[in-house]
Ligand code: PEP
Ligand code: MN
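Numbering (this note's numbering), first residue to last: 95 to 432.
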């Protein structure tokens, strides 16, 4: 942490900063310039200390962080890539893992048709929401418990792991009984009570990036899961809100190499929610692989015209099959496989 003193700050004011720093176990390096004094604070936990404790002291102009606020998710904490193992399917290794299925579980027939199609095309994990965090309370909210039972039945029938969203901290242990991977939706990325419960559950989890969250905030949210001892954290970039309104969200392709640089956690991409339209999904999916994503989460519906949620951005089984062929070729060219 760097504390910049105001021009003309007194020796007592500089001493005040030094004393406060030493009182919390930090080492201090004083840099006395002709105009200003700059105090460098050194210690292993400066990323977790509030900057306010120095910013509030008399004579201080500005306090800047050098260390990142997240710790357990950082590459400094763990240098080698983390690999999350779901029933033998490794996420974060050489394999690119494709998760696909409908936005919402609507019926057992719909889910089974989706599972059959995505498995046949080479996807290895089935998605489907039983609890839907909708912007409006008047929109379809999901089949809830009945939806979870349908997921369990289709999972068994097709021998395929499932990922499903949990929105209420009190439901975590119940949903974890049905799911192989829990999903934290974008709107819940900073629901800290939910993250803590999921952390304690130790169930593998896909943590979606919040609509307006920076990469730093996203990785700091991941620390809530890791701090409870849940090592199965998979990050998911799904597009952020920008001034651009020609697609549903702006897919931040750049965040993939950025996350890889600063974190050991695997990162997958959801091109469907970023696109908002089926015609844009293939290009975003391919871009994600090229940028280094460890997997994709794609919405596929047996009949998008009839979908209760997100039909416009859902691929038909045949479009998904075509896309998978292209993705397999891209994976090969990257020295990876699907
Ligand atoms: C979803 O995956 O269906 C979903 C609601 O996604 P997000 O939280 O990214 O909007
Ligand atoms: Mn959706």
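Each residue gets a CB set at the ideal place from its N, CA and C atoms; glycine is no exception.
Only a predicted model underlies this, so the values are computations on that prediction, with no experimental measurement involved.
Delimiting residues of the alpha helix (DSSP H) encompassing residue i
i, result
"residue 142", "Here residue 142 belongs to no alpha helix (DSSP H), and DSSP marks it neither H nor E."
"residue 283", "Looking at the DSSP string, residue 283 is not in any alpha helix (DSSP H), and its letter there is neither H nor E."
"residue 302", "Residue 302 -> not in any alpha helix (DSSP H); beta strand (DSSP E) instead, spanning 299-302."
"residue 449", "Lying before the first or after the last residue shown, residue 449 is absent from the chain, which here runs from 95 to 432."
"residue 229", "Run containing residue 229: none; DSSP gives neither H nor E here."
"residue 415", "411-427"
"residue 135", "Where residue 135 is concerned, there is no enclosing alpha helix (DSSP H), although the beta strand (DSSP E) it sits in stretches over 131-136."
Nearest neighbour of residue i, chosen from the options [CA to CA]
i, options, result
"residue 260", "368, 249, 272", "272"
"residue 201", "126, 245, 211, 177", "245"
"residue 98", "131, 120, 116", "131"
"residue 392", "285, 307, 105, 223", "223"
"residue 171", "313, 427, 416, 403", "313"
"residue 182", "218, 373, 165", "218"
"residue 402", "154, 158, 237", "237"
"residue 199", "173, 179, 249, 159", "249"
"residue 205", "160, 416, 220", "220"
"residue 395", "110, 103, 203", "203"
"residue 142", "294, 104, 165, 286", "165"
"residue 228", "158, 167, 282", "282"
"residue 128", "398, 101, 240, 120", "101"
Classification of residue i by the beta-carbon crowding that lies within 10 angstroms, buried from 16 upward
i, result
"residue 226", "buried"
"residue 196", "buried"
"residue 358", "buried"
"residue 343", "buried"
"residue 431", "exposed"
"residue 336", "exposed"
"residue 118", "exposed"
"residue 371", "exposed"
"residue 95", "buried"
"residue 407", "buried"
"residue 136", "exposed"
"residue 106", "exposed"
"residue 193", "buried"
"residue 365", "buried"
"residue 382", "buried"
Limits of the beta strand (DSSP E) - the one that residue i falls within
i, result
"residue 240", "Here residue 240 belongs to no beta strand (DSSP E); instead the alpha helix (DSSP H) covers 239-252."
"residue 194", "191-195"
"residue 99", "96-99"
"residue 107", "Unbroken run through residue 107 is the alpha helix (DSSP H), 105-117; no beta strand (DSSP E)."
Shell residues, 5 Å Cβ cut-off relative to heavy atoms of the ligand MN: 197, 404
Taking one C-beta from the segment 376-395 and one from the segment 186-196 each time, how about it: are there three or more such pairs within less than 8 Å? Output reads yes: the segment 186-196 touches the segment 376-395.
Pairs of beta-carbons, one from the segment 410-421 and one from the segment 206-225, closer than 8 Å: are there three or more? Verdict: yes, contact present.
Counting beta carbon pairs with one atom in the segment 323-334 and one in the segment 300-314, are three or more of them shorter than 8 Å? yes
On the three-pair Cβ rule with 8 Å, is the segment 312-324 touching the segment 289-297? yes
Count the C-beta pairs between the segment 142-149 and the segment 111-128 that are closer than 8 Å, then say yes if the count reaches three, no if not. yes
Check whether the segment 335-342 touches the segment 350-365, counting contact only when three or more Cβ pairs, one atom from each stretch, lie closer than 8 Å. Judged by Cβ distances under 8 Å, the segment 335-342 makes no contact with the segment 350-365, as fewer than three pairs qualify.
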